[in-house]
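**Student:**
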Amino acid sequence: SAVISQKPSRDICQRGTSLTIQCQVDSQVTMMFWYRQQPGQSLTLIATANQGSEATYESGFVIDKFPISRPNLTFSTLTVSNMSPEDSSIYLCSVTSRDRGIHEQYFGPGTRLTVT
Amino acid sequence: RKEVEQDPGPFNVPEGATVAFNCTYSNSASQSFFWYRQDCRKEPKLLMSVYSSGNEDGRFTAQLNRASQYISLLIRDSKLSDSATYLCVVNSGYSTLTFGKGTMLLVSP
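Protein chains in written order, with our numbering: chain A, 849 to 964; chain B, 2 to 110.
1. Are the region 20-35 of chain B and the region 64-75 of chain B touching by the rule of at least three beta carbon pairs closer than 8 Å?
2. Suppose you measure from the CA of A:D874 to the CA of A:Y883; what does that come to, to the nearest Å?
3. Roughly how many angstroms separate the alpha carbons of B:A63 and B:L48, rounded to a whole number?
4. Who does B:D58 pair with in a DSSP beta bridge?
5. Let me check one thing: in DSSP terms, what residues is A:R863 bridge-paired to?
6. Are the Cβ atoms of B:E4 and B:T86 separated by less than 7 Å?
7. Pick out the complete beta strand (DSSP E) segments inside the region 869-928 of chain A, 3 residues or longer, and give them in chain order.
8. Which residues does DSSP pair with A:Q953 in a beta bridge?
9. Can you check whether the CB of A:C871 is closer than 7 Å to the CB of A:G956?
10. For B:K102, decide whether its Cβ has a neighbour in chain A, counting only Cβ atoms nearer than 7 Å.
11. Kindly indicate if chain A contains any beta-carbon less than 7 Å away from that of B:E6.
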């Protein structure tokens, strides 16, 4: 599976500011995704990061709040804009690997965000 | 009905016990199925994909029943290191993964 790194690993931010999270993969991957895991909850898909075009957002998530970049096949960023305490969460980057005809997803270590 | 449902647990078992987790999914068009393991404050890690014919990996056995829309994970001879949250995950399309809330397992000496 691909090796995925994220920066920063954690941050504490003030309300109203923005934070950009970086995701780097050690090999070219077709599909990259951004998830959120709120405290005590399971993972929720925010968007699919598309290389060379706008990200595809899931219901409840919008580009103005979570702009995403994907300049190449190994890198993506997620920005959490105009943060509020409700944005406190773990943000995870993931990529797919096709093995035996099944698209398995692998996750980065996550970015733990606390908004005060 | 939730898309992917799991018993939240926790399941408290002694070392050496056999434990089974169950999961049901609502989307009959779902194509791929997985079990992930998530340790406290860590990212989910793929434990195993679940194949239609069922599959085994060491002490872990996964089963799929498409007719009942039901997935299971059996862990034999539990180890302390098996303590984690086990996430049932369903892929309903090329990229859409839906996660269950997870079942917590605590293995005690």
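Quick reminder that beta carbons are idealized off the backbone N, C-alpha and C, glycines included. In this text the structure is predicted, and so the values were computed from the model without any measurement.
**Tutor:** So, to answer that:
1. Short answer: they touch.
2. Roughly 19 Å separates the two Cα atoms.
3. Whole-angstrom Cα-Cα distance: 10 Å.
4. For B:D58, which the question treats as bridged, DSSP gives the partners B:F61.
5. None, per the DSSP bridge assignment.
6. If you check the CB distance, B:E4 and B:T86 do not come in under 7 Å.
7. Whole beta strand (DSSP E) segments, 3+ residues: 880-885, 891-897, 916-920 and 923-928.
8. Answer is A:T944.
9. Yes, these two residues count as a Cβ contact at 7 Å.
10. Yes, its Cβ sits closer than 7 Å to a Cβ of chain A.
11. No, its Cβ sits nowhere closer than 7 Å to a Cβ of chain A.
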